[in-house]
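Enquirer: Quick one: structure below, then a few questions.
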Amino acid sequence: MSADVPEWPTGLAAALADAMAAGAAAGGAFSTARSAALDAAEAFPGEECDLLDASGLARAYVPERLGGVAGGLPELLSALREVARRDVTVAVAHGKTFLGSVSTWVAGTEDQQRALARLVTDENAVVAWGLTERGMGSDLLAGNLTATPEPDGTWRITGEKWPINNATRGRLICVLARTDPAGGPRGFSLFLIDKSALPEGAWEPLPKEPTHGIRGADISGLRLRDAPVPADALVGGVGDGLGIVLRALQLTRTLCAALSLGAGEHALRLVADFAVERALHGTRLALLPLARRVLGRAAASLALADAAALLGGRSAHGLPGEMSAVSATVKAGVPWIVQQAIDDLAELLGARGFLTEQHADGMFQKLERDHRIVAVFDGSTAVNRSLLISQFPLLARLIRKGSYDATGLAAVTGGAPLPELDPAALRLVSRTGCSIVQAVPDTAERITALAAAGELPPRAAELAALLAERTGALADAMAELPPTGRNAPAAAFAVARQFEACFAGAAALHLLAVPCAADRAVVLTAALERCLELLVPGHQAPSDAFEPLVTPLVQPVEEPVR
Amino acid sequence: MSDITDAPATADATEVRAWLRECVATYVRLPAEDIDENLPLSEYGLDSVYVLSLCADIEDRYGIEVEPTLLWDHPAIGPISEALAPLLAAR
Ligand SMILES: Cc1cc2nc3c(=O)[nH]c(=O)nc-3n(C[C@H](O)[C@H](O)[C@H](O)COP(=O)(O)OP(=O)(O)OC[C@H]3O[C@@H](n4cnc5c(N)ncnc54)[C@H](O)[C@@H]3O)c2cc1C
Chain A
1 MSADVPEWPT
11 GLAAALADAM
21 AAGAAAGGAF
31 STARSAALDA
41 AEAFPGEECD
51 LLDASGLARA
61 YVPERLGGVA
71 GGLPELLSAL
81 REVARRDVTV
91 AVAHGKTFLG
101 SVSTWVAGTE
111 DQQRALARLV
121 TDENAVVAWG
131 LTERGMGSDL
141 LAGNLTATPE
151 PDGTWRITGE
161 KWPINNATRG
171 RLICVLARTD
181 PAGGPRGFSL
191 FLIDKSALPE
201 GAWEPLPKEP
211 THGIRGADIS
221 GLRLRDAPVP
231 ADALVGGVGD
241 GLGIVLRALQ
251 LTRTLCAALS
261 LGAGEHALRL
271 VADFAVERAL
281 HGTRLALLPL
291 ARRVLGRAAA
301 SLALADAAAL
311 LGGRSAHGLP
321 GEMSAVSATV
331 KAGVPWIVQQ
341 AIDDLAELLG
351 ARGFLTEQHA
361 DGMFQKLERD
371 HRIVAVFDGS
381 TAVNRSLLIS
391 QFPLLARLIR
401 KGSYDATGLA
411 AVTGGAPLPE
421 LDPAALRLVS
431 RTGCSIVQAV
441 PDTAERITAL
451 AAAGELPPRA
461 AELAALLAER
471 TGALADAMAE
481 LPPTGRNAPA
491 AAFAVARQFE
501 ACFAGAAALH
511 LLAVPCAADR
521 AVVLTAALER
531 CLELLVPGHQ
541 APSDAFEPLV
551 TPLVQPVEEP
561 VR
Chain B
1 MSDITDAPAT
11 ADATEVRAWL
21 RECVATYVRL
31 PAEDIDENLP
41 LSEYGLDSVY
51 VLSLCADIED
61 RYGIEVEPTL
71 LWDHPAIGPI
81 SEALAPLLAA
91 R
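Residue numbers (UniProt numbering), protein chains in the order written: chain A, 1 to 562; chain B, 1 to 91.
Right under this line is the structure:
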């Protein structure tokens with residue numbers, strides 16, 4: 001482990017993994033039987049959340065200077081992914097407190113931040129985030145929940161938020177409220193409401209909504225009726241709501257990658273174990289070439305998504321001004337890449353992918369349902385792609401010029417400690433584009449030199465050159481599209497998908513360019529191979545391209561005894 | 001990032017206004033003369049979030065830093081040009 005290599009922080013994740021493994025081994029929280037039973041009963045995973053509270057996960061929702069853990073967004077990603085590896089439902093249920101809190105980290109006063117940090121870290125207070133309303137869809141400015149100022153500086157709030165994760169369980173909820181009857185980008189403000197301080201009758205929960213996946217989660221709503229709210233509940237200024245939400249979303253959308261990575265890794269583990277166990281046609285499934293190809297390709301997809309998430313999470317610290325582009329790319333791209341891997345693994349699992357009580361208590365079909373929500377909430381894939389498309393004109397110009405923020409990129413791709421996350425440095429729109437993609441040609445040259453010196457496999461250099469070529473072609477495709485507002489043409493969404501694949505490949509490329517252990521180079525090369533499959537229709541990966549990733553997954557495997 | 005712009009050496013509210021008109025015309029695929037300088041840009045499909053990309057275009061062209069919320073506080077081409085004038089003069 002060299003100090004020059006950017007890696008996931010592992011401290012909190014390891015502590016969580018141990019606590020969850022102990023709970024599962026005892027047949028309690030996080031055992032597969034219990035996860036399955038809670039899911040079937042649509043029951044909230046309360047013991048699981050208690051165990052995570054006791055293990056200190058809430059400290060990852062709070063900035064370090066306010067008593068949170070040290071590793072910032074990458075540490076939180078790593079911790080939440082560890083939970084999602086076991087149960088996406090629990091990760092969604094617990095992780096929501098970060099979403100509810102983040103607006104306060106972005107725009108709250110020092111006093112507001114201290115008060116919330118204390119509630120979250122000392123009391124494990126659950127915080128919900130209420131943006132959406134019935135019939136409002138993805139349009140943040142369509143809400144009707146209204147806050148009206150009182151002469152003494154306090155507020156009265158009336159309206160409904162729905163469907164909201166933890167609306168019923170949460171003690172606090174951060175709501176986006178209309179403060180100008182005319183609405184518009186300056187017509188909304190954010191309020192952090194403490195339900196426990198509201199008089200009786202001022203609020204009521206809306207019933208739990210039955211859901212396809214994450215069935216145990218508290219997906220419900222909140223109705224406020226003339227609820228009196230103190231002056232210091234207002235987060236940021238009056239009319240600042242949209243700007244704060246858009247910056248907060250840059251962090252939460254990047255964090256969503258943790259849910260996808262955890263679900264994908266869970267799927268891969270389940271199917272690899274099955275392939276080792278399953279005897280058929282006198283051999284083992286794990287010895288059939290097709291099965292190995294599916295497992296290897298899925299592992300490469302996850303490595304590709306992992307690279308995108310790692311550099312995406314680090315960008316919040318090192319390239320904060322570019323998060324409008326990075327977060328939209330990660331939020332659309334990572335669930336898309338992982339969903340394909342899950343679909344392929346489902347096919348390999350055969351009937352057991354469908355039966356709810358077979359093979360590890362039906363965990364596969366549960367995670368498959370649970371994972372679907374990641375592409376829907378916190379801005380759907382289409383919403384994020386359209387945000388990305390709106391930035392295409394500048395992104396295309398900067399890719400063609402080959403200019404990028406070299407200092408910021410070095411902070412993101414280097415091994416030096418990351419600067420602390422500065423929410424004030426998040427910008428509504430990037431002015432330096434997306435350095436991770438714009439630097440592909442330069443980094444590809446470094447890879448070529450490293451391969452020539454024998455420090456990287458020759459295939460890495462071939463793939464780097466291909467990716468550089470495709471990045472140029474991508475810029476051409478982006479530039480050819482007419483600039484658009486909310487009505488982007490369908491063809492632009494296909495180009496956005498290419499941008500996402502290119503970003504993920506670029507992340508793997510930058511990681512390959514820092515001196516790393518040989519086995520890491522092999523994994524990253526396979527990730528690049530997978531990226532080119534996604535980018536180039538008909539790309540022919542060598543037949544053994546993913547094989548090095550299969551061996552560690554399915555060992556030991558022997559021919560069955562006849 | 002001033003090295004990446006090809007900003008005109010001099011720019012005043014009139015130049016900006018004409019350029020913004022062209023920009024918006026391209027976005028909405030209408031002739032520039034059909035763009036009303038006093039109509040909110042949201043009427044052209046450039047609402048709250050999408051108008052932010054116009055901010056990136058302005059910064060790129062003129063090599064200035066513009067707080068994106070300027071486009072929320074000044075929702076039409078005419079007022080935007082007026083608001084940008086002092087920033088351009090200070091370059
Ligand atoms: C389980 C669950 C939990 C949730 N938790 C919360 C929560 O805690 N807090 C909260 O505030 N909200 C929450 N939501 C709401 C969620 O975040 C979405 O905002 C909401 O469901 C919007 O739904 P929609 O995508 O159907 O909206 P619509 O906007 O009606 O979208 C309909 C379709 O149009 C597409 N579309 C929308 N905009 C565009 C565009 N610009 N370009 C192209 N296509 C577009 C969408 O992708 C979708 O396919 C939750 C939703 C669910 C299902």
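Idealized CB from N, CA, C, for every residue including glycine.
#1: In whole angstroms, what is the alpha-carbon distance linking B/GLU67 and A/GLY243?
#2: Applying a beta-carbon distance threshold of less than 8 Å, which residues of chain A neighbour B/PRO31?
#3: Can you find the residues in the same chain that come closer than 7 Å, C-beta to C-beta, to A/ALA272, ignoring five residues on each side of it along the sequence?
#4: Can you tell me whether A/MET1 is buried or exposed, with buried defined as 16 or more other CB within 10 angstroms of its CB?
#5: Would the beta-carbon of A/GLY313 be found less than 7 Å away from any heavy atom of ligand 1?
#6: Can you find a C-beta in chain A that's less than 8 Å from the C-beta of B/TRP19?
#7: For B/VAL66, report the span of its beta strand (DSSP E) as first-last.
#8: Starting from B/THR26 and walking both ways along the beta strand (DSSP E), at which residues does that stretch end?
#9: Please go through the same chain and pick out, in chain order, the residues whose beta-carbon is closer than 6 Å to the beta-carbon of A/ILE389, but skip the five residues on each side of it.
#10: Starting from the N-terminal side, write out each stretch of the beta strand (DSSP E) that is 3 residues or longer and does not extend beyond the stretch 89-170 of chain A.
#11: Please return the same chain residues whose Cβ sits closer than 7 Å to the Cβ of A/LYS161, not counting the five positions on each side in sequence.
#12: Just confirm the distance between the C-beta atoms of A/GLY353 and A/GLN339, as a whole number of angstroms; I'd bet it's less than 8 Å.
#13: Let me check you understand the geometry: is the CB of A/ASP378 closer than 7 Å to at least one non-hydrogen atom of ligand 1?
#14: Just mark A/GLN540 as buried or exposed, buried being the case when its beta carbon has 16 or more other beta carbons within 10 Å.
#15: In whole angstroms, what is the alpha-carbon distance linking B/ASP12 and B/ALA89?
#16: What does the Cβ neighbour count give for A/ASP50, buried or exposed, with the cut at 16 atoms within 10 Å?
#17: Taking beta-carbon pairs under 9 Å, can you tell me which members of the stretch 179-200 of chain A lie near chain B?
#18: I'd like to know whether the C-beta of A/THR254 is nearer than 8 Å to at least one C-beta of chain B.
#19: Ligand 1 and A/THR211: does the residue's C-beta get closer than 7 Å to at least one heavy atom of that ligand?
#20: Please tell me whether A/ARG431 has its Cβ less than 8 Å away from any Cβ of chain B.
#21: So which residues on chain B does A/GLY243 lean against when the C-beta distance must stay under 7 Å?
#22: In chain B, which residues lie with their C-beta within 9 Å of the C-beta of A/PRO320?
#23: For a contact meaning CB atoms closer than 8 Å, what does A/LEU535 contact in chain B?
#24: Can you give the Cα-Cα distance for A/GLY472 and A/LEU466, rounded to whole angstroms?
#25: Express the C-alpha separation of B/PRO75 and A/ALA24 in angstroms, rounding to a whole number.
#26: Applying the 10 Å Cβ sphere with the 16-neighbour rule, what's the burial state of A/GLY264?
#27: Kindly indicate if chain A contains any beta-carbon less than 8 Å away from that of B/TYR62.
#28: Quick check: is the beta carbon of B/ALA76 nearer than 8 Å to any beta carbon in chain A?
#29: Below 8 Å, how does it come out for the stretch 73-91 of chain A and the stretch 9-20 of chain A: are there three or more Cβ pairs, yes or no?
#30: Name, please, each residue of chain B whose Cβ falls closer than 8 Å to the Cβ of A/SER390.
#31: What did DSSP end up calling A/THR10 once you bin it into helix, strand or coil?
#32: For my contact list, A/GLU529 and A/LEU463 are in at a C-beta cut-off of 8 Å; report their separation, rounded to the angstrom.
#33: Comparing alpha-carbon positions, which option in A/LYS195, A/ASP370, A/THR211 lies nearest A/PRO230?
#34: To which residues does DSSP link A/ASP194 through a beta bridge?
#35: Report the three-state DSSP secondary structure of A/THR283 (helix, strand or coil).
#36: For the stretch 310-326 of chain A against the stretch 18-25 of chain B, are there 3 or more C-beta pairs whose distance is under 8 Å?
Expert: Walking through what the data contain:
#1: 11 Å
#2: What B/PRO31 touches in chain A: nothing, since even the nearest Cβ is about 14 Å away.
#3: LEU295, LEU553, VAL554
#4: Note on A/MET1: pLDDT 40, under 50, position unreliable in the model; the coordinate value appears next. Per the 10 Å Cβ criterion, exposed.
#5: no
#6: no
#7: From DSSP, B/VAL66 is part of no beta strand (DSSP E); its letter is neither H nor E.
#8: Element bounds for B/THR26: not the beta strand (DSSP E) but the alpha helix (DSSP H), 13-28.
#9: ALA488, ALA492, ALA496
#10: 127-130, 146-149, 155-165
#11: GLY130, THR132, GLU133, LEU145, ALA167, VAL175, GLY221, LEU222
#12: The pair is not a contact, with the Cβ atoms about 14 Å apart (cut-off 8 Å).
#13: yes
#14: exposed
#15: 8 Å
#16: exposed
#17: GLY184, PRO185, ARG186
#18: no
#19: yes
#20: yes
#21: THR69
#22: Result: empty, since nearest Cβ-Cβ is about 14 Å, beyond 9 Å.
#23: Correct list: empty, because the minimum Cβ distance to chain B is about 24 Å.
#24: 10 Å
#25: 56 Å
#26: buried
#27: no
#28: no
#29: yes
#30: VAL49, TYR50, LEU52, SER53
#31: coil
#32: 6 Å
#33: A/LYS195
#34: A/LEU172
#35: strand
#36: no
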